[in-house]
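Residue numbers (the numbering used here), protein chains in the order written: chain A, 1 to 278; chain B, 1001 to 1278; chain C, 2001 to 2278.
Remarks on the structure that follows.
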Amino acid sequence: MEINNKIITLLKNLRENPPLVHQITNYVTVNDCANITLAIGGSPVMAEDIHEVREMVSLASSLVINIGTLNSVTIESMIEAGKRANELNIPVILDPVGVGATAYRTENGKRIISEVKLAVIRGNLSEIKTMYGIETLTRGVDASESFEASSDEFTREKEMARNFAVKFNTVVVITGEVDIITDGKTLYCASNGHKMMARVTGTGCMCTSVIGCYLGAGDNNLLAALAGIVSMGIAGETAYERLDTKIEGSGTFRVKILDAIYNLSESEIIKRSKINEE
Amino acid sequence: MEINNKIITLLKNLRENPPLVHQITNYVTVNDCANITLAIGGSPVMAEDIHEVREMVSLASSLVINIGTLNSVTIESMIEAGKRANELNIPVILDPVGVGATAYRTENGKRIISEVKLAVIRGNLSEIKTMYGIETLTRGVDASESFEASSDEFTREKEMARNFAVKFNTVVVITGEVDIITDGKTLYCASNGHKMMARVTGTGCMCTSVIGCYLGAGDNNLLAALAGIVSMGIAGETAYERLDTKIEGSGTFRVKILDAIYNLSESEIIKRSKINEE
Amino acid sequence: MEINNKIITLLKNLRENPPLVHQITNYVTVNDCANITLAIGGSPVMAEDIHEVREMVSLASSLVINIGTLNSVTIESMIEAGKRANELNIPVILDPVGVGATAYRTENGKRIISEVKLAVIRGNLSEIKTMYGIETLTRGVDASESFEASSDEFTREKEMARNFAVKFNTVVVITGEVDIITDGKTLYCASNGHKMMARVTGTGCMCTSVIGCYLGAGDNNLLAALAGIVSMGIAGETAYERLDTKIEGSGTFRVKILDAIYNLSESEIIKRSKINEE
């Protein structure tokens, strides 16, 4: 499949020319974000003081903004780094963790998207709905809505994703049982992954960091988003298959996800990727 | 044993109705706290900005306050979240990490207990002594005092725990070689666990988070505290038994503790729990 | 070899009298720093509020300062803690993560070394060059320069390390393919380790924490630095050898590094250490 070959070429490029990925993120999953960046072949740098983010991002190939443990200090650094990245044409990805759960998160998520041009935004359904302006219920930072892949509801979600992408001239990624990736014109549905990934904190954040790596390794934002989604999904599957579920659980699963990303091969992508273009 | 059945029922309820557990904690062990919350069956949310904690805690089933890396900003968020939880009858557990080591920790630990009504407080002996107002020596954040389970000293500690529980109308948990859990009337001694747990950072914090999950899954604070203590203790034992100690050490042990919590079964609780009621 | 025996004696002392190691560090790798401190036999305490660092460090056997996610609040705590450690003759180690990447990091790194007397400074080549005042290019927080162990360039680096050590009356450690450890007079080259360590975030930070443990366990700063470097290097080697590289990657490797430090034995040090004195 042609799209698989494009993903493989991008992964090869990532590993041959490790992008420096500047990440301003949350303190819950930051270590996993750094380790998965290294595992896929990138080079992470976490820096968030307002005095250095403009300079740091200018050295980077991409910028990841994740508001998981947002506070009134780092939000300013996120905006500053994002604006500087925009000036330099460095792609920015936003993970609007937990928007909809509190007014503070929603306001700041919307502030970022209004002040920073995003290459990609990745969230679960309720987060993306909130960012688009649809009232929804976000319960904490976990997915709180899902949908059947064949339902009318799913059709509506894809329509929303396209509209969002067009309105903000960005790539929208909604992760769920079936992931939606669209730039408003092309739309991919990807159905790799394993439901146990929801039992490890930060698999969403890690996915965002992996997309950040791909963004820094090429110049096709839609492809980068798709490559990140498929890579994480396949890693979740292979990690699960290697789990001795009688005695191993989410601790070992988390370790094996990193291992799987580290060892992700071209043949696995060809054999396993489940992508539908619509 | 009747108490085991109560624990099993509570665990089942936790897994069937995952409580959202709001945690304001330290940045050393926060990832482990989130992962163990997911492993036992809960849903963690870490949020600490003063602008959102009141709203976030109102969505939660319980609140965990852990002062491991306390600072002058988050202390205000802890108090705010705690007060709001009290208004809404959402149970609050405090882990007074390191009180006694510095005046700053002691003052803030005491400030929390004076301004927030606690469902449970969990600490090691020197931390609990300090919180109760007895002069002691806390060396860093680790247990610095212990006692023989049969000694006069142990009898005195149980008496102190009861008095503390009555004075503050809370459940007091002192973890050590033998754990003490009391609401001032009933007192349990639990002796599960393995001494190697002290060689992994955050096993105490994780225990507090697990109790937080049980608090969010029922309405019996004493039972929740006991269930958390027994769950962590059994997990430590089974994790140790699955360790190949010739080549595996604290790194693998930590992973296996998460696995053991994830796989914790009714039959393990029945077979392994070591609880004495006094 | 005499030097191996000195390392072994120091390790034994560390394990028999666990030093309390106060660490003011970054939030990316802080959990690994705490766990490796426990694994080698030390006792970590992370505390960074300005109101408690003077008191906390006075309880400690050594102080680790790591500027990986430096900000304008913690820098003041680092300086305060460092000055207090100096007053009490408690050894201080600095890990100047990322200096050279931004002006902010460079300025603050230099501020620390001008205000705090360091027992040891550990960094990669570009960080140490920057701290010594040589213009270089630091790309993010990873090693961006390296050298052939036999080259003229390597000879110049050793000379710089000696001069740095003399100028600041400290022990200088440059980690790379071959590690340089010098107090300005004696200079050791150590060549343990495995290149895969660069694919796990925080192996440098962990190395600094391990040196911090050895500093707290004896009174010979040069020996402590060498012992830390050799311990981490051997752990990296044995961890790699125990890796099933067909399916395991950086996730498992990280866990096994902690295991290897936990199980580090006298015989491994004797059999594996690669130290040259110059």
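Backbone N, C-alpha and C fix where the C-beta goes; we use that ideal spot for every residue, glycine too.
- Around the beta carbon of residue 1192 of chain B, 16 or more other beta carbons lie within 10 angstroms, which makes this residue buried.
- Less than 8 Å divides the Cβ of residue 2186 of chain C from the Cβ of residue 2277 of chain C.
- For the region 1215 to 1246 of chain B, the set of positions with a beta-carbon nearer than 7 Å to some beta-carbon of chain A reads 1242 in chain order.
- Assignment of beta-bridge partners to residue 43 of chain A by DSSP yields A:20.
- The three-state secondary structure of residue 1214 of chain B, taken from DSSP, is helix.
- Against residue 2260 of chain C, chain A offers no close residue; the least beta-carbon distance is about 16 Å (beta-carbon pairs closer than 8 Å).
- When 7 Å is used as the limit between beta carbons, residue 101 of chain A is near these residues of chain B: 1056, 1059, in chain order.
- Taking the C-beta atoms as reference points, residue 2019 of chain C is found nearer than 8 Å to residue 2213 of chain C.
- In the three-state scheme derived from DSSP, where H, G and I count as helix and E and B as strand, residue 1095 of chain B is classed as strand.
- The count of Cβ pairs closer than 8 Å, one atom from the region 2034 to 2048 of chain C and one from the region 2252 to 2261 of chain C, reaches three, so the stretches are in contact.
- Inclusion of residue 2073 of chain C and residue 2022 of chain C in the CB contact set at 8 Å is not warranted, their separation being larger than that value.
- By the rule that beta-carbons nearer than 8 Å mark a contact, residue 2194 of chain C does not touch chain B.
- The beta-carbon of residue 1206 of chain B is placed no less than 8 Å from the nearest beta-carbon of chain A.
- Under the three-state reduction of DSSP output, residue 1116 of chain B falls in the coil class, being neither helix nor strand.
- For residue 2235 of chain C, same chain residues with a beta-carbon under 7 Å away, outside a window of 5 residues either side, are 2257, 2260, 2261, 2264 in chain order.
- Taking 8 Å as the cut-off, the beta carbon of residue 1113 of chain B is found closer than this to the beta carbon of residue 1168 of chain B.
- Residue burial annotation: residue 1001 of chain B is exposed, with fewer than 16 other C-beta atoms found within 10 angstroms of its C-beta.
- Scanning its chain for C-beta atoms nearer than 7 Å, with the 5 sequence neighbours on each side dropped, one finds around residue 1199 of chain B the residues 1250, in chain order.
- By the neighbour-count definition (other C-beta atoms within 10 Å, threshold 16), residue 1014 of chain B is a buried residue.
- Counting only the Cα atoms, residue 75 of chain A lies some 23 Å from residue 165 of chain A.
- Of the residues assessed, residue 71 of chain A falls on the buried side of the cut-off, its CB having 16 or more other CB atoms within 10 angstroms.
- Shortest Cα-Cα distance from residue 111 of chain A to any of A:125, A:90, A:124, A:133 involves A:133.
- Between the alpha carbons of residue 2237 of chain C and residue 1081 of chain B lies a distance of about 47 Å.
- Your pair residue 1024 of chain B and residue 1065 of chain B checks out as a contact, with CB atoms roughly 6 Å apart and the cut at 8 Å.
- Straight-line spacing of the CA atoms in residue 1061 of chain B and residue 2100 of chain C works out to 47 Å.
- Taking each of C:2211, C:2216, C:2215 in turn and checking the Cα distance to residue 2229 of chain C, the smallest one comes out for C:2211.
- Between the region 45 to 55 of chain A and the region 2045 to 2057 of chain C, the count of Cβ pairs shorter than 8 Å is below three; the stretches do not touch.
- According to DSSP, residue 1123 of chain B shares a beta bridge with B:1174.
- Here residue 1109 of chain B is near residue 1067 of chain B, since their CB atoms are less than 8 Å apart.
- Residues of chain B with a Cβ closer than 8 Å to the Cβ of residue 199 of chain A are, in chain order, 1038, 1039, 1262.
- By the rule that beta-carbons nearer than 8 Å mark a contact, residue 1123 of chain B does not touch chain C.
- Cα atoms of residue 2197 of chain C and residue 1178 of chain B: separation of roughly 40 Å, rounded to the nearest angstrom.
- In chain A, no part has a C-beta under 8 Å from the C-beta of residue 2176 of chain C; the shortest such distance is about 16 Å.
- At least one CB of chain B lies nearer than 8 Å to the CB of residue 105 of chain A.
- At least 8 Å separates the CB of residue 77 of chain A from every CB of chain B.
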